[in-house]
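J.: So the protein sequences, as listed, match chains A and B. Numbers 146 to 635, taken from our numbering, label the letters of the first sequence in order. Numbers 225 to 513, taken from our numbering, label the letters of the second sequence in order. Every residue, glycine too, gets a C-beta built ideally from N, C-alpha and C.
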Amino acid sequence: MAKQKVSTGSTTAKPVFDYAPAPESRAIVDIKPSYGLFINGEFVDGGGTSFKTINPATEEVLAEIAEASEADIDTAVKAARRAHSRVWGRMPGKERAKYLYRIARIMQERGREIAVLESIDNGKPIKESRDVDVPVAAAHFFYYAGWADKLEYSGYGTQSLGVAAQVIPWNFPLLMLAWKIAPALAAGNTVVLKPAETTPLTALLFAEICQQADLPPGVVNIVTGAGDTGHFLVGHDDVDKVAFTGSTDVGRAIAKAVAGTNKKVTLELGGKAANIVFDDAPIDQAVEGIVNGIFFNQGHVCCAGSRLLVQESIAEEVLERLKRRMATLRVGDPLDKNTDVGAINSAEQLARIKQLSAIGEEEGAGRWSPPCDLPSTGFWFPPTLFTGVTQAHRIAREEIFGPVLSVLTFRTPAEAVEKANNTPYGLSAGVWTDKGSRILWMANQLRAGVVWANTFNKFDPTSPFGGYKESGYGREGGRHGLEGYLKGTN
Amino acid sequence: MARIDVRKTYKLYIGGAFPRSESGYSYVVNDAKGKFMANASLASRKDARDAVQAARKAFPGWAGRTAYNRAQIVYRIAEVMEDRRPQFVDAVQKSEGRTAAQANKVVDEAIDRLVWYAGWADKITQVVGGANPVAGPFFNLSTPEPTGVVAVFAPQESSLLGLVSVVAPAIVVGNTVVVTSSYERPLPAVTFAEVLATSDVPGGVINVLTGSAATTGPWLASHMDVNAIDLTGVAGDADLAKSLEEASAENLKRVRRAPSAEPDWSLDPGTDRMTGVLETKTVWHPIGI
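Okay, structure coming up:
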């Protein structure tokens with residue numbers, strides 16, 4: 146998905162060109178000193194305390210954000226309930242559709258502003274927020290807008306659930322918001338959404354977009370805060386639906402918390418995807434896929450290809466080319482249009498990446514990173530790979546959620562399948578080979594919700610996404626994405 | 225002197241064999257009038273674990289069969305049941321306290337339901353899967369796949385039709401099942417297991433435990449090698465249902481919650497008992513020359 150424009154291909158090329166800095170101007174964004182909660186169509190102060198959101202590339206404080214209290218959540222859920230029963234739940238689908246189309250259009254119109262804001266608050270390279278996050282988020286609204294008046298063809302009935310409580314992560318703040326809100330609204334639900342505490346700004350900008358679109362008050366409510374706020378929201382008695390994207394541990398806690406209720410639940414959780422390279426694969430393409438699979442978005446991707454399984458006969462060559470390619474990755478200012486790898490989203494996440502990498506070394510795996518000048522302020526981690534990793538190593542089992550690749554080898558397709566599936570997760574997998582029948586056989590054998598063959602990290606609003614096993618349940622995207630927001634035919 | 229009849233020992237059905245409970249425990253099963261019918265095996269924690277192991281072992285083979293073959297096998301269950309209908313009519317009549325006419329109707333519906341589900345094996349993929357028109361040069365296809373091992377708690381009242389209605393949808397789409405029968409009415413489930421053993425259903429695809437959901441439930445709900453759990457048979461016991469759902473969260477099992485009361489099994493079943501134990505897999509491949 147991300148166009149990695151750095152030179153590749155020749156194994157003999159000098160890896161690095163000199164690039165002049167090409168920073169995107171941040172003048173386009175207007176960050177207010179403080180933000181309230183967006184409830185019932187208005188920004189309100191809220192009764193809780195506040196917290197700061199910072200730019201992870203500079204540690205500069207960007208804004209003071211209200212932390213929603215239990216009472217604030219109650220107010221937001223009541224507003225959403227009212228909006229559902231009086232307005233949105235009754236509105237003909239073709240009218241709901243037009244609001245969603247409006248939102249999609251405004252997101253496109255303000256695309257540059259949103260992209261810059263996303264990169265400032267999240268740390269991701271501007272080329273990714275500009276070329277992936279924002280356009281795919283807008284496309285999601287455009288896609289689901291068209292479903293609003295066609296629900297009778299969805300196979301899941303036409304009855305909305307009511308109020309949806311949605312909690313999203315910090316890795317794709319706006320895109321995850323779109324994945325949650327677009328299908329919910331198309332199906333006639335109203336929502337209370339909590340963005341992650343480290344990346345609230347684009348969700349708050351989205352609230353402004355809802356105002357510009359004249360979306361009826363209460364249809365979308367944005368409540369900011371951390372774990373407690375999410376806990377109050379998910380646990381509120383009057384929500385009909387809980388949708389969560391985030392870690393498997395929190396997903397598990399949510400699954401426990403909703404036990405015995407009638408809340409419908411979808412969970413999109415962690416992953417430890419195998420990216421499997423066979424000896425007949427086009428190696429340059431595979432290397433690009435490996436790089437995209439693990440270094441896209443600093444590896445803060447639940448479906449990241451964090452375990453490279455490479456066939457033993459070509460392991461040496463693949464590693465050599467991979468290292469050469471990694472040396473060309475430009476790590477630094479997220480707003481620079483040439484940047485490939487941006488800042489780690491938070492000090493906490495950086496600490497986890499450092500900790501697991503240290504454990505990788507302690508357990509005997511070989512650590513390698515290209516020479517890399519990292520900025521002195523902000524949170525940074527160089528693209529890293531570990532060789533000699535075995536299945537028992539923690540870096541082969543646990544989700545690192547950073548730019549760290551574990552390399553394992555295999556000899557036969559059956560061994561590749563066994564190693565790939567040897568994980569409690571099952572979100573995604575990659576296969577690289579020129580042999581068609583082998584691709585299809587592998588795709589059948591891999592226990593994962595998304596299989597990318599000769600490609601990786603592709604997303605589209607029409608394409609269902611979600612996991613097997615402990616990567617969660619339910620699908621987002623496509624017709625399947627409506628199931629979690631409709632009552633079903635029975 | 226009248227001939228003394230030979231009684232049947234009612235046992236569990238695990239991995240294609242009929243063991244007694246490993247625990248050695250059994251319990252008295254009476255008919256609807258309170259008259260002794262049999263001592264049924266009381267499934268234990270160990271039996272539940274053995275059953276999960278058998279189901280896991282059977283899963284790749286069963287999921288890997290062609291849909292056509294699974295359809296034929298489920299249809300074959302219906303054939304063999306039809307052949308043994310007097311036995312089922314008698315069991316349902318006694319267990320559920322029904323008239324002969326009512327019991328006949330129940331058995332009709334149970335057999336017809338198997339036939340109905342058999343036909344789904346090679347149709348569900350087309351109904352719920354399909355191509356996705358992504359905005360780029362990619363082949364992109366979503367197909368349903370079985371989720372794995374499913375722990376099912378069969379309904380308490382409808383001992384045969386209810387049992388068939390919860391087991392058939394799970395297996396016809398390629399899952400393997402550990403089913404805990406109705407506690408008070410387990411005998412039709414054992415007879416059903418005997419049909420399975422002679423219907424080309426591979427051992428381990430359906431494992432039948434007789435006994436109480438309160439006993440087997442916690443072990444199945446917390447078992448890390450069970451992928452989904454169907455709490456239908458826990459209808460009416462909100463506390464047990466809640467605790468089983470909580471335990472199921474440990475490995476993110478797909479949970480079908482207990483209804484407030486036992487459903488009316490004579491209604492059109494719909495497809496959601498199949499889709500609830502299916503995963504959607506989406507495969508991408510670039511298109512190019």
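With 8 angstroms set as the bound, which would you pick, yes or no: does the beta-carbon of residue 614 of chain A sit closer than that to a beta-carbon of chain B?
T.: yes
J.: In its own chain, which residues sit with a C-beta less than 8 angstroms from the C-beta of residue 511 of chain B, not counting the 5 before and 5 after it?
T.: 361, 362 and 363
J.: Please confirm if residue 362 of chain B has its CB atom under 8 angstroms from at least one CB of chain A.
T.: yes
J.: Which partner residues does residue 481 of chain A have in the DSSP bridge list?
T.: A:168
J.: Got a sec? Which residues, its chain only, sit under 6 angstroms from residue 253 of chain A by beta carbon, not counting five neighbours each side?
T.: 283.
J.: Residue 370 of chain B lies in the alpha helix (DSSP H); which residues open and close that run?
T.: Unbroken run through residue 370 of chain B is the beta strand (DSSP E), 362 to 370; no alpha helix (DSSP H).
J.: Taking only three categories from DSSP, how would you classify residue 599 of chain A?
T.: Residue state, collapsed to three classes: coil.
J.: Would the segment 398 to 412 of chain B and the segment 278 to 297 of chain B be scored as touching if the rule is three or more Cβ pairs under 8 angstroms?
T.: yes
J.: Indicate the three-state DSSP secondary structure (helix, strand or coil) for residue 503 of chain B in the structure shown.
T.: strand
J.: My output table needs one value for residue 386 of chain A: the three-state DSSP class, helix, strand or coil.
T.: strand
J.: Which of the three DSSP states is assigned to residue 531 of chain A in this structure?
T.: strand
J.: My guess is that residue 310 of chain A and residue 223 of chain A are in contact by the Cβ rule of under 8 angstroms, so how many angstroms apart are they, rounded?
T.: Rounded, the Cβ-Cβ distance is 13 angstroms, inconsistent with contact.
J.: Answer with buried or exposed for residue 197 of chain A, where buried requires no fewer than 16 other C-beta atoms within 10 angstroms of its C-beta.
T.: Taking all protein chains in view, the Cβ of residue 197 of chain A is surrounded by fewer than 16 other Cβ atoms within 10 Å, so the residue is classified as exposed.
J.: How many angstroms separate the CA atom of residue 475 of chain A from the CA atom of residue 292 of chain B?
T.: 53 angstroms
J.: Going along chain A, which residues have a C-beta under 9 angstroms from residue 374 of chain B?
T.: Under the 9 angstroms cutoff, chain A gives no residues; its nearest Cβ is about 13 angstroms from residue 374 of chain B.
J.: Buried or exposed, going by whether 16 or more other CB atoms sit within 10 Å of the CB of residue 500 of chain B?
T.: Buried, by the Cβ-count rule.
J.: Tell me the DSSP bridge mates of residue 510 of chain B?
T.: B:362
J.: Does the distance from the CB of residue 604 of chain A to the CB of residue 281 of chain A come in under 8 angstroms?
T.: yes
J.: In this structure, how does DSSP classify residue 403 of chain B when only helix, strand and coil are distinguished?
T.: strand
J.: Taking the alpha helix (DSSP H) that residue 349 of chain A belongs to, which residues open and close that run?
T.: 346 to 357
J.: Does residue 509 of chain B get closer than 8 angstroms to chain A when you measure Cβ to Cβ?
T.: True, the Cβ-Cβ gap to chain A drops below 8 angstroms.
J.: Applying the criterion that 16 or more other CB atoms from any shown protein chain within 10 Å of the CB defines a buried residue, is residue 206 of chain A buried or exposed?
T.: By the neighbour-count rule (16 or more Cβ atoms within 10 Å), residue 206 of chain A is not buried but exposed.
J.: So, is residue 613 of chain A buried or exposed, given that buried needs 16 or more other C-beta atoms within 10 angstroms?
T.: buried
J.: Helix, strand or coil: how does DSSP classify residue 454 of chain B here?
T.: strand
J.: Please name the residue in B:338, B:278 and B:321 whose C-alpha comes closest to that of residue 296 of chain B.
T.: B:338
J.: Three or more C-beta pairs closer than 8 angstroms, one from the segment 355 to 373 of chain A and one from the segment 203 to 218 of chain A: is that the case here?
T.: yes
J.: Taking residue 281 of chain B as the query, report the chain A residues whose CB atoms sit under 8 angstroms from its CB, ordered along the chain.
T.: By Cβ distance, chain A contributes nothing, its closest Cβ being about 16 angstroms from residue 281 of chain B, past 8 angstroms.
J.: I'd like to confirm the pairing. Which residues does DSSP put opposite residue 187 of chain A in its beta bridges?
T.: BP columns for residue 187 of chain A point to A:184.
J.: Quick one: list the residues of chain B neighbouring residue 617 of chain A, beta-carbon separation under 8 angstroms, in chain order.
T.: The contacting residues are 476.
J.: Which residues bound the alpha helix (DSSP H) around residue 299 of chain B?
T.: 291 to 307
J.: Grab me the residues of residue 390 of chain A's own chain with a C-beta within less than 6 angstroms of its C-beta, minus the 5 sequence neighbours each way, in chain order.
T.: Here the set comprises 313, 314, 321 and 413.
J.: Can you look up residue 374 of chain B in the DSSP assignment and give me helix, strand or coil?
T.: Secondary structure at residue 374 of chain B: strand, using DSSP grouped into helix, strand and coil.
J.: Could you please give the first and the last residue of the uninterrupted alpha helix (DSSP H) stretch that includes residue 566 of chain A?
T.: 558 to 566
J.: Enumerate in chain order the residues of its own chain whose CB-to-CB distance from residue 287 of chain A is below 6 angstroms, with the five nearest sequence positions on each side excluded.
T.: If you ignore the 5 residues before and after residue 287 of chain A, its C-beta comes within less than 6 angstroms of the C-beta of 249, all in its own chain and listed in chain order.
J.: Go through its chain and collect everything with a Cβ distance to residue 533 of chain A's Cβ below 6 angstroms, but skip five positions before and after it.
T.: So the list reads 510 and 511, once near-sequence residues are dropped.
J.: Which runs of the alpha helix (DSSP H) fall wholly inside the segment 474 to 524 of chain A and span at least 4 residues, in chain order?
T.: 492 to 507
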